[in-house]
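Working notes, beginning with the structure itself.
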Amino acid sequence: MARPGVPDPALADRPPGTAVLRVEGRDVARYTWRPDLPLAMSPRPYLHPVRTFAGSTVTDAAPDSHPHQLGISLAAPDVGGRNFWGGRTFVAGHGPAWLDNHGRQRHRRWLRHTGEELVHTLVWTDAHDRTLLAEQRAITCRPVDGTAWSLGLHTRLANVTDRPLTIRSPAAQGRAGAGYGGFFWRGPAVADTARILSPAGTDATAVNGSLAGWVAVTGTGEAGPWTVLFVPGDDTTARDRWFVRARDYLGVGSSLAWDRPLVLGPAETISRHLVTVVVDGALSAATAGVLADGVRQPA
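One point on numbering: in our numbering, the residue at position 190 of the sequence shown is 197, and numbering is uninterrupted.
Quick look at the structure:
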């Protein structure tokens with residue numbers, strides 16, 4: 008039973024097109040795999056709410072300021088000229104602009120569907136239902152200890168067109184520091200100031216664009232202090248730079264194309280693996296580092 012004043016962590020509401028993830032009998036996240044969203048939001052599967060064991064929600068979805076930011080998702084602002092991020096598109100020499108270029112991610116087939124593991128295939132299509140990328144995505148939940156659990160997200164993306172596909176971030180087109188695109192976590196609004204922890208420093212500006220071995224964010228939620236720790240799950244992902252925001256909103260991403268375009272040839276495939284650890288309590292940098300070492304996958 009939840010403590011007085013703390014929401015019951017059970018996710019009793021299970022709308023169509025969603026799946027609930029569980030760790031040791033506790034509901035910890037909802038995965039919306041068939042979203043009902045307007046095209047301008049670049050509809051895609053996403054995880055929200057994501058919760059600590061005690062019941063604090065550590066994600067936000069479709070906030071008023073950035074309605075296209077959806078919990079934990081995979082999103083890219085420019086894939087072959089199509090916007091799979093949502094919202095406006097950054098145009099070099101002009102700035103953000105509304106364009107008729109939004110794409111969507113569509114579920115195709117389940118390969119595994121349990122309370123602890125979801126594996127499915129998807130396609131990334133443009134507004135005319137032409138497929139650019141085919142994806143296999145695996146989401147796994149594991150206990151870490153009595154106060155923490157891990158969420159693994161592994162993706163394999165293949166160019167299924169007959170031409171090269173270029174993946175770009177706004178930073179790759181001249182918007183300094185805006186290297187987003189790939190794994191992205193939209194954090195919740197917090198009553199107090201959130202803290203950033205990382206081997207690269209404790210300032211979002213210093214961590215943004217870094218190759219730090221891990222990044223953590225701490226805040227306070229419905230059930231008390233929490234920490235969300237992000238760790239590359241393999242050597243390839245560890246070479247991607249971090250995108251971090253903490254002033255206007257909380258956000259952490261692992262960038263596919265920080266300041267240089269990533270070009271996928273026809274039939275070429277890329278893979279990424281990111282582990283997110285959801286913790287009750289505010290970790291210190293030293294404790295977060297030890298935890299990161301413990302969940303990091305061997306080379």
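For glycine and all other residues, C-beta sits at the position ideal for the given N, C-alpha and C.
Look at the alpha carbon of Arg10 and the alpha carbon of His161, and state the distance between them as a whole number of angstroms. Low per-residue confidence applies at Arg10: pLDDT is 41, beneath 50, and the placement is therefore not dependable enough to give any value.
Does DSSP classify Gln112 as helix, strand or coil? The DSSP-derived three-state label of Gln112 is strand.
Please name the residue in Ala299, Pro52, Ala83 whose C-alpha comes closest to that of Gly189. Ala83
Span of the alpha helix (DSSP H) holding Leu257? Per DSSP, Leu257 belongs to no alpha helix (DSSP H) and is neither H nor E.
For Pro150, which residues in the same chain have their Cβ closer than 7 angstroms to its Cβ, ignoring the five residues on either side in sequence? Val30, Glu31, Trp156
I need the straight-line Cα distance from Ser63 to Ala196, nearest angstrom please. 12 angstroms
Just to confirm, are Gly94 and His75 a CB contact at a threshold of 9 angstroms? yes
In three-state terms, what does DSSP make of Ala185? coil
Thinking C-alpha only, which one of Arg113, Val35, Asp133, Leu106 is nearest Pro42? Arg113
Helix, strand or coil for Ala36? Go by DSSP, reduced to three states. strand
C-alpha distance - Thr96 paired with Gly153, whole-angstrom precision: 43 angstroms
Going by the C-beta, is Val235 closer than 8 angstroms to any heavy atom of the ligand GTP? Only the bare structure without any ligand can be found here, which leaves the ligand GTP out of the picture.
Using the Cβ count rule (16 or more neighbours within 10 Å means buried), how would you classify Leu172? buried
With burial defined as no fewer than 16 other Cβ atoms inside 10 Å of the residue's Cβ, what is the status of Gly186: buried or exposed? buried
Return the chain-ordered ranges of every beta strand (DSSP E) run that is complete within the region 209 to 280 and spans a minimum of 3 residues. Taken in chain order, the complete beta strand (DSSP E) segments of 3 or more residues contained in the region 209 to 280 are 222 to 228, 231 to 239, 249 to 252, 258 to 262, 269 to 271.
To which residues of the same chain is Tyr38 closer than 7 angstroms at the C-beta, ignoring the five residues directly before and after it? Beyond the five residues adjoining it in sequence on each side, Tyr38 comes within less than 7 angstroms, by CB distance, of Thr25, Ala26, Leu28, Pro52, Leu54, Leu125, Ile146 in the same chain, given in chain order.
Verify whether the separation of the beta carbon atoms of Thr225 and Ala289 is less than 9 angstroms. yes
Simplified DSSP state of Asp133, which is helix, strand or coil: coil
Over what stretch of residues does the beta strand (DSSP E) that includes Thr173 continue unbroken? For Thr173, the enclosing beta strand (DSSP E) stretches over residues 172 to 175.
If you draw a straight line from the alpha carbon of Trp249 to that of Glu142, how long is it in whole angstroms? Distance between the alpha carbons of Trp249 and Glu142 is about 22 angstroms.
Look at the Cβ atom of Asp287, then the Cβ atom of Ala230, and state whether they are nearer than 9 angstroms. Cβ distance < 9 angstroms, so Asp287 and Ala230 count as in contact.
Beta-carbon separation of Val251 and Val214 under 9 angstroms? The answer is yes: Cβ separation under 9 angstroms.
In the region 71 to 121, which residue ranges form an unbroken alpha helix (DSSP H) of at least 4 residues, counting only runs that do not cross its ends? none
For a test of the three-state rule: what should DSSP assign to Val282, helix, strand or coil? Three-state result, Val282: strand.
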